[in-house]
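S.K.: Under our numbering, residue 454 is the last one in the sequence shown; the count climbs by one each step, no gaps.
We put the beta carbon where it would ideally sit given N, CA and C, even for glycine.
Sharing a structure here in structure tokens format.
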Amino acid sequence: MDADAENTDGNNYMYLTEDANYVYIGLDLCSDTTDNGADEWVGVWLITNQAQFFNESYQRPTEWYAALNNGAESLVHDVEKDQTMPFIDEEGESSLYYLFPGYWFGVNGTVDGDSDEIVYNDDVYLNVTSEYNGTHYITRLDYHIDFYDYFNVFNDTFVDHVYRVALDISSLHNVTVDEHFLSVSDFEGNLNPLVKQDLGTGTSETTHYLDIDSEYFTTENETILSMNTVSDAPFNSSYDYTSIRFYYNYTTNIGEHSAYPHSSIQSYDIEWSFGPSENNATNHRQFEIKIPKSELEGYEMDTDLGIIVGGYGTLTSFPNTHNWVYANDTNMYLPEESSIYYNYYSMPLKGQIITTETTTSTLTNSTTTTTTPGGIDPALYLIIGGAGAAVVIIVILFLVVRKK
Numbered sequence: 051m052d053a054d055a056e057n058t059d060g061n062n063y064m065y066l067t068e069d070a071n072y073v074y075i076g077l078d079l080c081s082d083t084t085d086n087g088a089d090e091w092v093g094v095w096l097i098t099n100q101a102q103f104f105n106e107s108y109q110r111p112t113e114w115y116a117a118l119n120n121g122a123e124s125l126v127h128d129v130e131k132d133q134t135m136p137f138i139d140e141e142g143e144s145s146l147y148y149l150f151p152g153y154w155f156g157v158n159g160t161v162d163g164d165s166d167e168i169v170y171n172d173d174v175y176l177n178v179t180s181e182y183n184g185t186h187y188i189t190r191l192d193y194h195i196d197f198y199d200y201f202n203v204f205n206d207t208f209v210d211h212v213y214r215v216a217l218d219i220s221s222l223h224n225v226t227v228d229e230h231f232l233s234v235s236d237f238e239g240n241l242n243p244l245v246k247q248d249l250g251t252g253t254s255e256t257t258h259y260l261d262i263d264s265e266y267f268t269t270e271n272e273t274i275l276s277m278n279t280v281s282d283a284p285f286n287s288s289y290d291y292t293s294i295r296f297y298y299n300y301t302t303n304i305g306e307h308s309a310y311p312h313s314s315i316q317s318y319d320i321e322w323s324f325g326p327s328e329n330n331a332t333n334h335r336q337f338e339i340k341i342p343k344s345e346l347e348g349y350e351m352d353t354d355l356g357i358i359v360g361g362y363g364t365l366t367s368f369p370n371t372h373n374w375v376y377a378n379d380t381n382m383y384l385p386e387e388s389s390i391y392y393n394y395y396s397m398p399l400k401g402q403i404i405t406t407e408t409t410t411s412t413l414t415n416s417t418t419t420t421t422t423p424g425g426i427d428p429a430l431y432l433i434i435g436g437a438g439a440a441v442v443i444i445v446i447l448f449l450v451v452r453k454k
């Protein structure tokens, strides 16, 4: 039918099938009525083995992350740039904030109390009494930060993109001291002479906000912060509060509630076009995605296939945006991190040992070999296309699929 050009809430269609080697997904988006590729993307999320995972909103999706490449698969394609969507936005910035007890350890001086006591700004102090080194009275507290302790999903990627560590710390002394500063240590205990940030030297509590950029990290994924105090006379230093913040490049934004545009599927074919189809005579967006079964761990299991599809266009699934999703029980956000929101379908060849039937026909000056997957009728293949070399032909291969 001809859709009303002003009505972007019309019917849309998904085609889903397979052959011996590939899974095919066709999207006939009759209500996506513009051919503007700016900011456009399309995504597919799969469950191949009935993996179960769940995630509360705004929590790190540890269960989904553990299932990736073990039953859960994902693919996000940047249509505008015709590439797999980059996971990290190199210009994007985010931060993680932590109170961190139990990590400070004394190098010089006598520590009284536990570093658990300096988590909050509550006048409960960790105290350090100076020791004499032959020329001065000194104290030194070190804190070893391993970035991997703070990221529990996609940790290799996020650790590689940490570009700054910030420290907030409150301290005071029982007498005025000559020098109090923060530096960075190597693993042999040597301080970096290029890093020396002054801290309070008086008897009133002061809070300092200190930044350490990546070029001064001890290694690429860890750093040792060192609090040093020097004076000509004995002293006590007291610390009341410490916190840490990581600054790092964050993920590419692809829609509401999807913080992780990860593509576990790296080998695939995708084509798209803008024109009429069997379902709608008005020009609209169409996609075909072809995924090798070799990319889908667990696909050999005789279970239904779970799928969510989503994207960006002139569909208006998400309120006040052009992001859309086809999932079970929601069209308001991308729920790929919880298996209950996937639609599940029975696939004819899933879990079967596939045989092939090969026929060879000899033509004048040429030989053509056609391989047909056993159990599939080639007559069920449907080709939707258009005339002219500039038109991308989308091949949507489909079988009757039973929705659970």
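What are the complete beta strand (DSSP E) segments, minimum 3 residues, inside the stretch 108-154?
M.R.: As far as the stretch 108-154 is concerned, its whole beta strand (DSSP E) runs of at least 3 residues are 122-128 and 144-148.
S.K.: State whether the stretch 315-322 contacts the stretch 366-381, with contact taken as three or more CB pairs (one from each stretch) at a distance under 8 Å.
M.R.: Result no; under three Cβ-Cβ pairs closer than 8 Å.
S.K.: List the DSSP bridge partners of Gly-76.
M.R.: Position 26 of the sequence shown, counted from the start, is the residue given in the question as residue 76. Tyr-65 and Glu-338, per the DSSP bridge assignment.
S.K.: Got a sec? Which residues, its chain only, sit under 8 Å from Glu-130 by beta carbon, not counting five neighbours each side?
M.R.: By 1-based counting over the sequence shown, the position of residue 130 is 80. So the qualifying residues of the chain are Gly-87, Ala-88, Asp-89, Glu-90 and Trp-91.
S.K.: By the three-class DSSP mapping on this structure, what secondary structure does Asp-248 have?
M.R.: Residue mapping note: residue 248 aligns to position 198 of the sequence shown, counting from 1. Here Asp-248 sits in strand by DSSP.
S.K.: So, helix, strand or coil for Asp-261, using DSSP?
M.R.: Taking the sequence shown and counting its residues from 1, the one referred to as residue 261 is at position 211. Strand at Asp-261.
S.K.: To the nearest angstrom, how far is it from the Cα of Glu-387 to the Cα of Glu-113?
M.R.: Taking the first residue of the sequence shown as position 1, residue 387 is located at position 337. Taking the first residue of the sequence shown as position 1, residue 113 is located at position 63. Cα to Cα, the separation comes out at about 8 Å.
S.K.: Let me check one thing: in DSSP terms, what residues is Ile-168 bridge-paired to?
M.R.: Position 118 of the sequence shown, counted from the first residue, corresponds to residue 168. Bridge partners of Ile-168: none, in fact.
S.K.: Apart from the five residues on each side of it in sequence, which residues of its chain come closer than 6 Å, Cβ to Cβ, to Asn-329?
M.R.: What you label residue 329 is simply residue 279 of the sequence shown in a count that begins at 1. Result list for Asn-329: Tyr-63, Asp-78 and Cys-80, in chain order.
S.K.: Since Thr-189 and Leu-222 are thought to touch, with beta carbons under 8 Å apart, how far apart are those beta carbons, to the nearest angstrom?
M.R.: Counting from 1 along the sequence shown, the entry for residue 189 is found at position 139. Counting from 1 along the sequence shown, the entry for residue 222 is found at position 172. The Cβ separation is near 13 Å, so there is no contact.
S.K.: Touching or not, the stretch 167-180 and the stretch 338-354, by the rule of three or more beta carbon pairs under 8 Å?
M.R.: Judged by Cβ distances under 8 Å, the stretch 167-180 makes no contact with the stretch 338-354, as fewer than three pairs qualify.
S.K.: Pick out whichever of Tyr-198, Phe-324, Val-126 and Ile-357 has its Cα sitting closest to the Cα of Val-73.
M.R.: Mapped onto the sequence shown, residue 73 falls at position 23. Comparing Cα positions, the closest option is Ile-357.
S.K.: Going by the beta-carbon positions, is the gap between Tyr-362 and Ala-377 smaller than 8 Å?
M.R.: Here residue 362 corresponds to residue number 312 of the sequence shown, with the count starting at 1. Here residue 377 corresponds to residue number 327 of the sequence shown, with the count starting at 1. Against a cut-off of 8 Å, the Cβ pair of Ala-377 and Tyr-362 comes out as no contact.
S.K.: By how many angstroms is the C-alpha of Thr-185 removed from the C-alpha of Asn-224?
M.R.: Taking the sequence shown and counting its residues from 1, the one referred to as residue 224 is at position 174. Taking the sequence shown and counting its residues from 1, the one referred to as residue 185 is at position 135. Each residue's alpha carbon lies about 20 Å from the other.
S.K.: Rounded C-beta distance between Ser-308 and Ala-101? I'm assuming under 8 Å.
M.R.: The residue you call residue 308 lines up with position 258 of the sequence shown. The residue you call residue 101 lines up with position 51 of the sequence shown. Rounded, the Cβ-Cβ distance is 19 Å, inconsistent with contact.
S.K.: Tell me the DSSP secondary structure of Glu-345 in three-state form.
M.R.: The count along the sequence shown starts at 1 and reaches residue 345 at position 295. In the structure shown, Glu-345 sits in a helix (DSSP, three-state: H, G or I).
S.K.: Quick check on the DSSP output: the beta strand (DSSP E) that includes Phe-208 runs from which residue to which?
M.R.: Along the sequence shown, read from residue 1 onward, the residue named residue 208 stands at position 158. Segment 205-210 is the alpha helix (DSSP H) holding Phe-208; no beta strand (DSSP E) there.
S.K.: What are the boundary residues of the beta strand (DSSP E) that includes Asp-192?
M.R.: The count along the sequence shown starts at 1 and reaches residue 192 at position 142. Note, Asp-192: beta strand (DSSP E), 187-196.
S.K.: Residues in the same chain with beta-carbon distance under 6 Å from Glu-141, minus the five sequence neighbours each way, listed in chain order, please.
M.R.: Counting from one through the sequence shown, the residue named residue 141 turns up at place 91. Counting only Cβ-Cβ distances below 6 Å, and skipping sequence neighbours, we find nothing.
S.K.: Return helix, strand or coil for Ser-389, following the three-state DSSP convention.
M.R.: Counting from 1 along the sequence shown, the entry for residue 389 is found at position 339. Here Ser-389 sits in helix by DSSP.
S.K.: If you reduce the DSSP assignment to three classes, tell me which class Tyr-383 lands in.
M.R.: To locate residue 383, count along the sequence shown from 1; it is residue 333. In the structure shown, Tyr-383 sits in coil (DSSP, three-state: anything other than H, G, I, E or B).
S.K.: Spatial neighbours of Tyr-349 within its chain, please: CB distance less than 6 Å, with the 5 preceding and 5 following residues excluded, ordered by chain position.
M.R.: In the sequence shown, counting from the first residue as 1, residue 349 sits at position 299. Closer than 6 Å at the Cβ level, and outside the excluded window around Tyr-349, lie Thr-98 and Lys-343.
S.K.: Can we say the stretch 290-300 touches the stretch 111-125, given the rule of at least three CB pairs closer than 8 Å?
M.R.: Because the criterion of three Cβ pairs below 8 Å is not met, the stretch 290-300 and the stretch 111-125 do not touch.
S.K.: Compute the Euclidean distance between the alpha carbons of Glu-68 and Leu-355, then round it to the nearest angstrom.
M.R.: Your numbering for residue 68 matches position 18 in the sequence shown. Your numbering for residue 355 matches position 305 in the sequence shown. In a straight line, the C-alpha of Glu-68 is about 11 Å away from that of Leu-355.
S.K.: Taking a contact to mean a Cβ-Cβ separation below 8 Å, would you say Thr-364 touches Thr-83 in this structure?
M.R.: Numbered from 1 along the sequence shown, position 314 holds the residue referred to as residue 364. Numbered from 1 along the sequence shown, position 33 holds the residue referred to as residue 83. For Thr-364 and Thr-83, yes; Cβs fall inside 8 Å.
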